Each structure stands twice: as structure tokens, then as C-alpha cells.
Amino acid sequence: MNVKTVLVLLVLALATIFALVCVLLTRGRGPSICQHQPLEQEDTDGGQSLVFADLSPEEMVQVVQYLRGSLGVQLVDASRAKPSDNCIASIDLQVPAKAEVLRFLDEGGTRPPREALAVLYFGNQPDPNVTEYVVGPLPTPAYHRDVTVQRYGGTVPYHRRPVTGKEYMDINALIQQELRKAPGFLAACCDSDGTDLAILTTAPRGFKSGDRATWFVLFQNTPGTGYYLSPVGLEVLVDHSSLDISQWAVSKVFYNGQYLISAGALEDAFLSGLLKVIRLKKPQAEVVLGSMRPRQPPGSPGPLQFEPQGPRYHVRDNRVTFQGWSVTFGMNPNSGPRLFDIRYRGKRIVYELSLQEALALYGSNCPGGMSTRYLDGSFGIGRFAYELVRGLDCPYTATYVDRHYLVESETPKTNQNSLCIFEHDAAIPLRRHFSDSQSLYYGGLRRNVLVIRTISTLINYDYIWDFMFHGSGAVEVRVHATGYISSSFLHGQGTNYGNRVGPHTLGTMHLHHIHYKVDLDVDGQLNSLETQDMEYELVQDPWSKQNIMEQLYLRRGRLQTEDEAAFPLSSPMPRYLSFASPNLNRWGHPRSYRIQITSLAGKHLPTSSPMERAISWGRYQLAVTRRKEEEPASTSIYNQNDPWTPTVAFADFINNETITNEDLVAWISVGFLHVPHAEDVPNTVTVGNSVGFFLRPYNYFDEDPSVDSPDGVYFSGEQDSGVCGTNPLACLSLTAVCAPYLPPFRYRGFLNL
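Under the UniProt record's numbering, the first residue of the sequence shown is numbered 1, with each subsequent residue one higher.
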């Protein structure tokens, strides 16, 4: 090879290197298609959504300071308070009256004063009670007023208060003291001295108003695993009704089918050979029943969802907007997620959409399981919505929002990243058609949906709360249940109440019932409830008179009263049931939104039960009532510990008032029966364990509003569908280079425990 050839090759090599460097530098700056695109819909709210905003930590502190200086009583921090003390139990937003809010939002009226609702336990008084105060105006409180009687029609007796963390700690100490009376039994049954056993509460707490006696179930506790699947067969009944902790006592002990009066009696029976003991060994963390540790090393990464040009939704303060939708979001520390002022294309469809309660009712042949009817609102559905795990609980690139609460403490706490917002590609068309006759074309639209999600961990169960907003103008509400099942020790005829899922573990049957409030304002506040369903009628064939045919026809109706609009859980309901406006669409039909429920609810507690009225909302799959400011919620946190004299009884809301052209509320119950089985170990899976409902436009528009979506696809047989200008799907190969920046993974969800 001569020198000239070498020089030519060298020049070509340098030119190639230069070209590659230029390409790399260009890619480093990113092609223009990857640049963040301005949102088509700018936020023009002007801060109006803040009328619904949850309290900030600073506001909570101001309320605490005001109460400490204004009530004239000694207050003890609830995290240290004994039952005989006074304390601040919780502080939350006092949502303004709807009329005031609408004057502000729609008529340019003054902003309603910002106020807090403070719940106080007064144990250090001649007549101990629970009192609720409205405190305002924020951020600098200057007044408070007692609203207890106004809200509940009377005072709230002290025994109805939820159990605090401090009370549970004192109960656990009492149980440990009691267990020391049975060292031989504990060593034999559980390979334990009792100090390493987990203790799980049940509820309610007795058989009549005023009782405060709780069964506690004991489990083997292996760090890093769910103890809920490892009962040891021992349960204790604690009477903690006295305000004097020294008067609390264990009044009954249960083990493997036998009831005894104390742990001392249990030890005596063991030493006398009168007790059948099942000897359990301490399990190892790697093999314990219910371990969630992965059994395989990580494989190749799965699909990753991201927005090539940034999010197409916009979040400001407590409001999110997306392709015509506008939603204000928040969190009640007790009842959980709540949405307000849901609008589509600028028009309000829903004033309030909020979770009310989650009931879990169990069956078992052990006392703890058979008596359990958890009302999770009294424990704190919103309070126990912890930080979400990025990339698993929600897409990695979702928007994560902190939530703040003040419960059982005078110091606000923050659950960081505990609510997420994202656009989700459902991987199915919202609508599509392939035309193979007359003309050849394809038209379709991806089903992209805006999702607002939070997840509550309530002892063993995890509830995934989803609120979804579709391009068709529909709202979808869905809850998934996962987490650990609760269990009892398997003995006797235990399989009458569930399935065996471990050596000595009975997965106890139970039902989940979830209740929602939906304050629909369909094309205005005044709506009526219309029904439509199918019927057949025998008619003569018009073109062949000698023949008879079954003619399908539409039966229309309008329900007039609340009693007519209360549909029992197990009864058939009209297939089409709509909130109808007096205003008509272009085709002469009332502008309406249809309620479509998807539920597999178990049977409701019999109405003959003395505690049924406390959960009487569960009688109905749907009940529609006139909206009243004095009926803000279907239940109360005080119903759990006194279901026999409920503070709020939903059944009283239904009193046959007219519901024609009125401001109406739909109260919706969804749920399912769960009979645990082997595949619920280690966790219940979300597949098949979701229920919910839709709010779907029904003649509300003149056509499907999604025709205006920028994501539509259409091409004919005469066009080149591979051209980007013809078919946006052909552009995806270009946007595929827009790999997103992923923030480093961090998790701080254990900080507030």
C-alpha cells in the first residue's frame, strides 16, 4: 500500500469520526420531536380550587395553638394521652357549604371563610365526651364553635371514640403482663415467652352500647414477613372500658377451641394435661408462610410507560387538568380520597365524589374472627395511605403528591408521594372500525385515561383506590383489594368458615363492602332520576298478519321519591339509570349521566342484627336522596365502637322525599365475597378482585366527545399508512428515541411509623 492510499484512508477515517461526533452531539441535545410540548389546555382556575384544599401543616399548627389557648382546659398530646386526659384527636378541613362554594365559583361571590374541623376527646371532665369544633378563619383562627349537636343531633358519648395508638400500647402491655402467667404453655405451644408474638385487634368491642371489650388475636411474628398468616391459636379478651388504666383486665382467654378465664387458668390446664396443645416451632424468615421475598433473581425489565414529550396533564396545587377534564383532589384522614368540582369541557358534572367507608365482615369459629366487622374509616383510610412505590404502585414517571394530616398528635405528619397522577394507555381502543365494504378505511382512537390513585394499608389489607377520566366523558371509579388475608387458627369445623391455607391456618371468609358518595350536577344542580330497561311484547307481524313475533321495546320511567330510588343489595335494578337534566340535547333527549355499577357484593348483615343500623348503607347497591348539608356522610368514625347506637345511621336519610328536579346525591355500594384459598398466599392478587362503577354520558352530548381528541387515527385504503403525515402511528419510530429522564429511586414510606 503506497503513501497516497494511506493518506486517503486516513482522511476518510477522520471524516467518519467527525460525522459520528456530530451525530452524537446532536442526539445529546435531543431532536426537536422530544422537546416538551406546551399543554393545549392552560390552567385558568385562578386558584378557585383552593376552596377545597386540604389543610397545610402550617394551618394545622395554627389550629392547635389556638385551641390550646382558647378552650380553658389542659390538653395532653394525644400520642401520650391516657383515657382520662383531654386531647386533640384530629384536625381536618371543614368543607364549606355547597351553596357558599357555588356562589364563589359560579357567581363571583366572596370566597367562603377557610375553616378547620377539630375533634377533641374530653376524658378529664365530669361527663367525658367527644366534641367537634369548627375553628376559623384560617390561617389566623379567631373563633370556634361547637358543632357536635348540629352534626349528630346530640352529644357523642366518650365510649364511642376510636382507640388511639397510646391505648393500644397500654393494652399490649397488659396482655404481655397476662402472658407471663403462662410460661410453660407458651414455651410448649409457641416456642416463645410471649414477647415476640404479634397482637392484632378486632372490632367492634362488645355487645351493647358502652362496652369496650376487645378480642386480640396472637400470631407468630417473623421480622420481614406478614404475621397475619401465622396464628398460634391463642386469643385474649381485654376489658378496657374504664378511664383508669389500672382497672383494665383480661376477662377471657381462648386457645384451640377452649375458653378459660385467664392466662393463669390456661397454664393450670396445660400443667394438668387438660389442654390439647399444638406445638409450633419458630419459622425461618426464608420459608415462613406468607414471605414476600422474591424466589428468583431479577429478569429482563418489563415494558416502561413514559410520555415522549412530557406529561399531557397539568397539576397545580390541588387541581389537575387533562384534555377537557378538570378535577380537584384531596384526602380526608378518616374516609380517604375525595374529589370535588369535576368538570368536562368547562361544565361541572360532579360536585363531590368521595369514598365514605370500607367494611370487612368476617366469619370464623374463633372469637376474634367471628366477631370482626372492621369499619376502616374509624382506623383512618386516608391517614394510612403511605408513600407509593415508584414504578410499581404507579408508573415510574407519574406525578407524585404529598398528603398531610394531624391525627393523634399535635404535630402534623406528611405521607410523602402518597397520591399519584398519570396518563395511562389502556392498550385497547376506546373505539375503532375496520371498513371492508363500500369504502376501505380504518378509524380508531387509543383508550388513554387520566388516573388519580392512592393506596391505603389497613392492617393486613391494601386497597388501591382509582379514579379515572376517559376521553368519552366517562368517569370510572374502581377499587382493588390486595395485601394479606386475615386468618384464624384451624381447629374443629374450621373449614365451615373458609379454606385451609397452611399447616394450622384457616383463611377466614369475609366480605368487602365499599361505600361512595356521588353528588352529580348534570347540566345544573336540579336533576331527576330516569330509568330505562328492556321488555318483550307479542305483536302481529306487520307484513304477515297471521304470524306473531316478540318485539323488543324500551320501557322508560322516572322515579319520584327516595323510597323508589333505594335499591336493595340483592334486588334487580334497571339496567339504565340516569341523573337527567331538564335541558335537552340536540336530538330532544334530556342531557343525562348514567350510573353503571360493577359489583359482586356478598349478602348484607341481616337487619335484625343489633349493629346493622351502623352499616345500613350496605343495604343498598344504590340509593338516591335529596342533597342536604346536614347529611354530609353516610357513616361516622364513632360507629365502629358503638354500632348498637350509631352516631350516623344512613337508613334515616331515606324518608320518601321527592327527587324530581332536585339537587340529588347517589350513594353507591360495591363489594365482593372473598373465600380465601391457597393462591391468596402470600398475598391476595388484584386480578378478579376489583369492583366499582362508571358515570357515563347518556345523551349528555350530541355525539361522542372523543371525536375532538388529538389522538385519533384514520387512513384509507388509497393512502400510504406508513407516512407520518397521514398516520400518527407511523411517527412512533421517531418518538421512540425520546427516552425520558428517570429520577433516582427513593423511598421514605417508613418514616412516620
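A virtual CB, placed ideally from N, CA and C, is assigned to each residue, including glycine.
The model shown is predicted, which means the values in this text are computed figures rather than measured ones.
DSSP-derived helix/strand/coil call for residue i
{"i": "Y484", "result": "coil"}
{"i": "residue 756", "result": "Outside the shown range of the chain (1 to 753) lies residue 756, about which nothing can therefore be said."}
{"i": "H159", "result": "helix"}
{"i": "N527", "result": "strand"}
{"i": "E630", "result": "coil"}
{"i": "A173", "result": "helix"}
{"i": "V51", "result": "helix"}
{"i": "R114", "result": "coil"}
{"i": "D193", "result": "coil"}
{"i": "I459", "result": "coil"}
{"i": "T164", "result": "coil"}
{"i": "T635", "result": "coil"}
{"i": "Q356", "result": "strand"}
{"i": "M534", "result": "strand"}
{"i": "L729", "result": "helix"}
{"i": "M509", "result": "coil"}
{"i": "L266", "result": "helix"}
{"i": "E132", "result": "strand"}
{"i": "W587", "result": "coil"}
{"i": "N496", "result": "helix"}
{"i": "D541", "result": "strand"}
{"i": "A182", "result": "coil"}
{"i": "Q247", "result": "helix"}
{"i": "P705", "result": "helix"}
{"i": "A666", "result": "strand"}
{"i": "E387", "result": "coil"}
{"i": "G226", "result": "coil"}
{"i": "E679", "result": "helix"}
{"i": "W465", "result": "strand"}
{"i": "V21", "result": "For V21, the pLDDT reaches just 40, beneath the cut-off of 50, and the residue's location in the model is therefore unreliable, leaving the point undetermined."}
{"i": "G557", "result": "strand"}
Beta-carbon contacts of residue i that lie in its chain and below 7 Å, excluding the five residues immediately before and after
{"i": "T148", "result": "T131, E132, T155 and V156"}
{"i": "P31", "result": "Low confidence applies here, because P31 scores a pLDDT of 44, under 50, leaving its location unreliable; read the following figure in that light. Same-chain partners within the cutoff: V737."}
{"i": "R586", "result": "D702"}
{"i": "V315", "result": "T399 and I421"}
{"i": "T344", "result": "The sequence given here has Tyr at residue 344, not Thr. So the qualifying residues of the chain are G324, W325 and G473."}
{"i": "D191", "result": "L280, K281 and K282"}
Segment limits, alpha helix (DSSP H) that includes residue i
{"i": "M60", "result": "P57 to S70"}
{"i": "T735", "result": "L732 to T735"}
{"i": "Q150", "result": "T148 to Y152"}
{"i": "K98", "result": "K98 to E107"}
{"i": "M370", "result": "P367 to M370"}
Extent of the continuous beta strand (DSSP E) to which residue i belongs
{"i": "G330", "result": "W325 to N332"}
{"i": "R746", "result": "First-last for R746: undefined, no H or E at that position."}
{"i": "Y576", "result": "Y576 to L584"}
{"i": "A213", "result": "A213 to Q220"}
{"i": "F322", "result": "R319 to F322"}
{"i": "H240", "result": "Taken as a continuous stretch (DSSP letters only), H240 belongs to no beta strand (DSSP E), as it is neither H nor E."}
{"i": "A566", "result": "A566 to P568"}
{"i": "L406", "result": "T399 to V407"}
{"i": "T414", "result": "K413 to S437"}
{"i": "Y313", "result": "Where Y313 is concerned, there is no enclosing beta strand (DSSP E), given that its DSSP letter is neither H nor E."}
{"i": "F340", "result": "G336 to Y344"}
{"i": "D92", "result": "N86 to Q94"}
Nearest-angstrom Cβ-Cβ length linking residue i and residue j, presumed shorter than 8 Å
{"i": "F579", "j": "N527", "result": "4 Å"}
{"i": "D663", "j": "R696", "result": "Wrong, their Cβ atoms sit about 21 Å apart, outside the cutoff."}
{"i": "residue 754", "j": "Q323", "result": "The structure shown does not extend to residue 754, since the chain is modelled only from 1 to 753, so the question has no answer here."}
{"i": "A623", "j": "A678", "result": "With 8 Å as the limit, A623 and A678 do not qualify as a contact, their Cβ atoms being about 38 Å apart."}
{"i": "S716", "j": "L520", "result": "That belief does not hold up - the Cβ atoms of S716 and L520 are roughly 41 Å apart, past 8 Å."}
{"i": "G226", "j": "P682", "result": "7 Å"}
{"i": "T214", "j": "V238", "result": "6 Å"}
{"i": "L445", "j": "G712", "result": "5 Å"}
{"i": "E562", "j": "N661", "result": "Not quite, the Cβ-Cβ distance comes to about 14 Å (not below 8 Å), so this is no contact."}
6 Å CB neighbourhood of residue i in its chain, flanking five on each side removed
{"i": "Y400", "result": "N417 and C420"}
{"i": "V277", "result": "A188 and C189"}
{"i": "F340", "result": "F52, T328 and E352"}
Cut-off 8 Å between Cβ atoms - residues of its own chain near residue i, not counting five sequence neighbours on either side
{"i": "A81", "result": "C87, Y121, G123, T164 and K166"}
{"i": "A730", "result": "S721, G722, V723 and C724"}
{"i": "L511", "result": "L359, A360, L361, A601, G602, K603, G671, F672, L673 and H674"}
{"i": "L569", "result": "A601, K603, H604, G618, R619, Y620, Q621 and S669"}
{"i": "Y593", "result": "I349, L520, V522, S578, F579, L695, R696, P697, Y698 and Y700"}
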